[in-house]
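K.L.:
In my numbering, the protein residues as written are 950 to 1584. If you scroll down you'll find the structure; I have some questions about it.
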């Protein structure tokens, strides 16, 4: 951060963090078509400041002394062309003002900017997820002044922050009689529409009716002499000023639910779905939970805190209370308000609380029910959900054993039945298409859909018309280590050596398999000797139709795909020797069978290395492979 200190140590001119400059440009150019959201964002920030003061006052009641009830006030001055959003909340110290108004102090900043596309609509969604609503001020203002004083600080420890959004801001000490923050917007020349009490009220009612404390404006009366509305000295509430989640569902419109979602999530888009319930019994709490339309840009950032807002008896306790939902539902946004937890509850106590466990279990079941309803009755919405959050939901198979059957029914896969990478096949769909004699669900894992779809392991399944699920998400191998069966049907990898297809073979095929195994026994023994350092075993298989060979692993061994993933992630993977299976009907295998002792080793290694390449593996010595192929081609 660049810094220039004035003659007084109390006044400084500082340069915005580079990311802030970029964000300000995006704010002004990407969101200009929906510029009134600046008021929603600033009022939301003011409301949060009041919530935070109420929370701090649990341990320090003196912070709330004086100044009446907590509130947010909006005023305008036509002559000065300003709008002022004020609150008597927690306020900002000098250090907090520099940190919060001059930098983006959160993880994932670099990833956020790397995902910007130049598409205004998509970038606007990202900006909303990033939660930097204060900077939306510059959509309508060419200068912003912030006056603030931290709750509990004396009047002479206020600050004044000011910027034109062009790259620098100034901050200085300033006397402020009251705690809290005033944000003064100096409007651009073409923003006169917001210098109207009617317009500001209309925007506030639309965007801020759900806020649980009063949002006030000065009452206006008609002045006959001036033929216009004139402000009085009386403040009146513009919103209902009671928490939306405390109202009955019949009193809340869909539009109000959508606006509340934008308030709690700072997302500029509507939610995909929501669930609102009051729970009574062993634990008493209210939940209003939302599923977004879009995955947050930092969903895979392990350091990012996620979760719902936690209230106790309508008193705000914390943002991002991740203990209220399991990690695989970390995309859920919303509010949980408990009647049983103590007001001074900490994150540590949340981890040990029985009440929290009951809330967590109940809220998880509500979200799963919401997803089940989408999957059953709003298939397009569920397809959107799966595209955005399917990989995260798969984590639930290992994290939430109590709900694994419900999660399994919500999973979607690509398969050879559709011959497309569209992940729309359910496990229940698959079971209905079992062939006579089939009692297992077959799958293949690979680095991509194309690699899986073309795997040699699928050849016998394609020949017999048996459907195979094609999986390529990074989380799939982990998921399959926990999801072993569905509806009593075992999930089986087609790349595992213990594959049993005898139930699907007729008597003639079984007889032929026995004869071929005996006939090729000498070749198998020669290959076993030639490849003794590279394979665990060599055997004849009838799973191949078009390929000469393939590699498989034992039923309890790590798959080659998982081994490659672990190595790519820098983790140690056990060195598991594969089994080489050969296709006795293939011309290349017959050529190997007829090879002389001098060239047999070359042919054996070629057969093995081809199988490894077809399985997606990288050869340790590609040059040696190319040289071997050239030698054999040239005879």
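Note that CB positions come from ideal geometry on N, CA and C, so glycine has one too. All values reported here derive from a predicted model rather than from experimental measurement.
Could you pull the start and end residues of the alpha helix (DSSP H) that residue 1589 belongs to?
P.N.:
It is not possible to answer for residue 1589, since the shown part of the chain is limited to 950 through 1584.
K.L.:
Could you check what DSSP says for residue 1015 in three-state terms: helix, strand or coil?
P.N.:
If DSSP states are grouped into helix, strand and coil, residue 1015 belongs with coil.
K.L.:
Which class does residue 1088 belong to by DSSP, given the choice of helix, strand or coil?
P.N.:
Three-state result, residue 1088: helix.
K.L.:
With burial defined as no fewer than 16 other Cβ atoms inside 10 Å of the residue's Cβ, what is the status of residue 1282: buried or exposed?
P.N.:
Flag for residue 1282 reads buried.
K.L.:
Using a threshold of 7 angstroms, state whether the C-beta atoms of residue 1581 and residue 1551 are closer than that.
P.N.:
The answer is yes: Cβ separation under 7 angstroms.
K.L.:
Whole angstroms are fine: how far does the CA of residue 1029 sit from the CA of residue 1138?
P.N.:
Going from the Cα of residue 1138 to the Cα of residue 1029 covers about 12 angstroms.
K.L.:
From this set, 1108, 1203, 1177, 1445, which residue's C-alpha is nearest residue 1499's C-alpha?
P.N.:
Ranking 1108, 1203, 1177, 1445 by Cα distance to residue 1499 puts 1445 first.
K.L.:
Using the DSSP secondary-structure output, state which residues sit across from residue 1528 in a beta bridge.
P.N.:
Answer is 1486, 1501.
K.L.:
Does residue 1406 come out as helix, strand or coil in the three-state DSSP assignment?
P.N.:
Three-state DSSP puts residue 1406 in a helix.
K.L.:
With 16 as the cutoff for other CB atoms within 10 Å, does residue 955 come out buried or exposed?
P.N.:
Unreliable positioning characterises residue 955 in this predicted model, as indicated by a pLDDT of 43, which lies under 50. The coordinate reading is nonetheless provided below. Classification for residue 955: exposed.
K.L.:
How would you label residue 1421, buried or exposed, when you count the other beta carbons within 10 angstroms and need 16 or more for buried?
P.N.:
With 16 or more Cβ atoms within 10 Å of its Cβ, residue 1421 is classed as buried.
K.L.:
Please classify residue 1576 as buried or exposed, where buried requires at least 16 neighbouring CB atoms within 10 angstroms.
P.N.:
Answer is exposed; the Cβ neighbour count stays below 16.
K.L.:
Thinking C-alpha only, which one of 1493, 1548, 1525, 1115 is nearest residue 1560?
P.N.:
Of the candidates 1493, 1548, 1525, 1115, the one whose C-alpha sits nearest the C-alpha of residue 1560 is 1493.
K.L.:
Any heavy atom of the ligand SAM inside 6 angstroms of the beta-carbon of residue 1242?
P.N.:
Ligands are entirely absent from the displayed structure, and the ligand SAM is therefore not among its contents.
K.L.:
What three-state label does DSSP hand residue 1552 in the structure shown?
P.N.:
Helix.
K.L.:
Express the C-alpha separation of residue 1095 and residue 1104 in angstroms, rounding to a whole number.
P.N.:
Using only the alpha carbons, I get a separation of about 16 angstroms.
K.L.:
Return helix, strand or coil for residue 1300, following the three-state DSSP convention.
P.N.:
Note: residue 1300 maps to helix in three-state DSSP.
K.L.:
Decide yes or no for the touch test of the segment 1336-1347 against the segment 1393-1412: beta carbon pairs closer than 8 angstroms, at least 3 of them.
P.N.:
Output reads no: the segment 1393-1412 does not touch the segment 1336-1347.
K.L.:
Per DSSP, residue 1226 is paired with what?
P.N.:
According to DSSP, which records beta bridges pairwise, residue 1226 is partnered with 1236.
K.L.:
I need the DSSP call for residue 1266, collapsed to helix, strand or coil.
P.N.:
It is a strand residue.
K.L.:
What are the complete alpha helix (DSSP H) segments, minimum 4 residues, inside the segment 1392-1442?
P.N.:
Listed in chain order, they are 1398-1402, 1408-1413, 1425-1429.
K.L.:
Taking residue 1242 as the reference, which of 1302, 1205, 1293, 1332 has the closest Cα?
P.N.:
It is 1332.
K.L.:
Does the Cβ-Cβ distance between residue 1183 and residue 1173 come in under 7 angstroms?
P.N.:
Result no, Cβ atoms of residue 1183 and residue 1173 do not sit closer than 7 angstroms.
K.L.:
Going by DSSP, what residue range makes up the alpha helix (DSSP H) through residue 1371?
P.N.:
Here residue 1371 belongs to no alpha helix (DSSP H); instead the beta strand (DSSP E) covers 1369-1374.
K.L.:
Short check: CB of residue 1424 to CB of residue 1485, under 7 angstroms?
P.N.:
Contact: no.
K.L.:
Please list the terminal residues of the continuous alpha helix (DSSP H) segment that includes residue 1212.
P.N.:
1203-1214 is the span of the alpha helix (DSSP H), which, as asked, contains residue 1212.
K.L.:
Compare the Cα-Cα distances from residue 1049 to each of 971, 965, 1203 and report the closest residue.
P.N.:
Measuring from the Cα of residue 1049, the nearest candidate turns out to be 965.
K.L.:
In terms of residues, what are the limits of the beta strand (DSSP E) holding residue 1109?
P.N.:
Note, residue 1109: beta strand (DSSP E), 1107-1112.
K.L.:
Taking only the alpha-carbon atoms, compute the straight-line gap between residue 1237 and residue 1393 and give it to the nearest angstrom.
P.N.:
Going by the C-alpha atoms only, they are around 39 angstroms apart.
K.L.:
Across which residues does DSSP place residue 1174 in a beta bridge pair?
P.N.:
DSSP output for residue 1174 lists no bridge partner at all.
K.L.:
Looking only at C-alpha atoms, which of 1273, 1268, 1487 sits nearest to residue 1000?
P.N.:
Residue 1268 is the option with its Cα nearest to residue 1000.
K.L.:
Considering only the beta carbon of each residue, do residue 1351 and residue 1228 sit closer than 7 angstroms?
P.N.:
Not a contact, by the Cβ cut-off of 7 angstroms.
K.L.:
Under 6 angstroms Cβ to Cβ from residue 1299, same chain only, skipping five residues before and after it: list those, please.
P.N.:
If we look at residue 1299 and ignore the five residues flanking it on each side, its Cβ neighbours are 1272, 1305.
K.L.:
Mapping DSSP to helix, strand and coil, what is residue 1199?
P.N.:
Correct three-state label for residue 1199: helix.
K.L.:
I want to see whether chain B comes within less than 7 angstroms of residue 1207, judged by CB atoms only; does it?
P.N.:
Considering every chain present, this structure includes no chain B. It has just one protein chain.
K.L.:
With burial defined as no fewer than 16 other Cβ atoms inside 10 Å of the residue's Cβ, what is the status of residue 1158: buried or exposed?
P.N.:
Buried, by the Cβ-count rule.
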